[in-house]
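*Asks:* This is the structure I want to talk about, given as structure tokens.
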Amino acid sequence: MVDSKYMMSQVQEMQLILHDLHAEGMETNESFQVAAVIEKLHPLWKDFKNYLKHKCKQMGLEELIVKLRIVEDNRKQSESKGTKRPMEEGSNLVEPNTSKGKRKFKGKDQGKGKKFKGTCYNYEKSNHMAKDCRRPKKAKKEQKVKM
Numbered sequence: 142m143v144d145s146k147y148m149m150s151q152v153q154e155m156q157l158i159l160h161d162l163h164a165e166g167m168e169t170n171e172s173f174q175v176a177a178v179i180e181k182l183h184p185l186w187k188d189f190k191n192y193l194k195h196k197c198k199q200m201g202l203e204e205l206i207v208k209l210r211i212v213e214d215n216r217k218q219s220e221s222k223g224t225k226r227p228m229e230e231g232s233n234l235v236e237p238n239t240s241k242g243k244r245k246f247k248g249k250d251q252g253k254g255k256k257f258k259g260t261c262y263n264y265e266k267s268n269h270m271a272k273d274c275r276r277p278k279k280a281k282k283e284q285k286v287k288m
């Protein structure tokens with residue numbers, strides 16, 4: 142169906158065609174008519190179209206027309222208020238990266254200028270902290286005396 146026309150005018154044209162077919166003596170199944178109207182919905186109505194296709198309850202042509210009228214009125218109101226559907230806004234679009242060049246690493250190297258000036262408590266090596274020592278800790282003098 143054409144998007145420039147209102148949906149209800151297009152549905153009325155479809156009803157006139159179906160009425161002409163009925164006047165000529167050709168009968169069509171109502172579920173076929175409903176399926177034809179659903180299939181001919183505009184691509185912008187994709188969400189509503191999928192909703193109607195997956196609906197479990199059998200729907201007549203009059204029920205479909207009522208639902209189409211309601212949805213069309215809701216869309217007109219939302220367009221007049223200036224609100225757009227989320228996909229039309231482009232809210233889910235990926236924006237290009239604006240950074241230039243490589244990012245610099247800001248890791249542990251920041252405190253590189255400060256060095257330990259003392260000696261290790263474990264084996265008295267200069268500029269070496271006990272926490273960095275590979276040797277086991279020295280036993281305290283009190284523990285040596287008790288043994």
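For the sequence shown, the numbering used here assigns the number 142 to the initial residue and increments by one for each residue that follows.
Virtual Cβ for every residue (Gly too), placed ideally from N, Cα, C.
1) At the level of alpha carbons, what is the spacing between K181 and K187?
2) Helix, strand or coil, according to DSSP, for S267 in the structure here?
3) Expressed to the nearest angstrom, what Euclidean distance is found between the alpha-carbon atoms of S240 and M270?
4) Between which two residues does the alpha helix (DSSP H) carrying R275 extend?
5) Would you please state the rounded distance, in angstroms, between the beta carbons of L202 and E165? I believe it to be under 8 Å.
6) In this structure, what does DSSP give as the bridge partners for T260?
7) Figure out for me which residue from L185, F173 and Y147 has the closest Cα to the Cα of Q199.
8) By the 10 Å Cβ neighbour count, where 16 or more other Cβ atoms means buried, how is L209 classified, buried or exposed?
*Replies:* Short version:
1) Locating residue 181 in the sequence shown gives position 40, where the first residue counts as 1. Locating residue 187 in the sequence shown gives position 46, where the first residue counts as 1. Roughly 11 Å separates the two Cα atoms.
2) Sequence index remark: in the sequence shown, residue 267 carries index 126 (1-based). Correct three-state label for S267: strand.
3) Here residue 240 refers to the residue found at position 99 of the sequence shown. Here residue 270 refers to the residue found at position 129 of the sequence shown. Taking the straight line joining both Cα atoms gives about 41 Å.
4) In the sequence shown, residue 275 corresponds to position 134, counting from 1. Counting along the chain, R275 falls outside any alpha helix (DSSP H), and DSSP gives it neither H nor E.
5) Walking along the sequence shown from the start, residue 202 turns up at place 61. Walking along the sequence shown from the start, residue 165 turns up at place 24. Actually they do not touch by this definition, with Cβ atoms about 18 Å apart.
6) Here residue 260 is taken as the residue at index 119 of the sequence shown, counted from 1. According to DSSP, T260 bridges with S267.
7) In the sequence shown, the residue the question calls residue 199 occupies position 58. Residue F173 is the option with its Cα nearest to Q199.
8) For the purposes of this step, residue 209 is identified with residue 68 of the sequence shown, where counting begins at 1. Buried, because 16 or more other Cβ atoms sit within 10 Å of the Cβ of L209.
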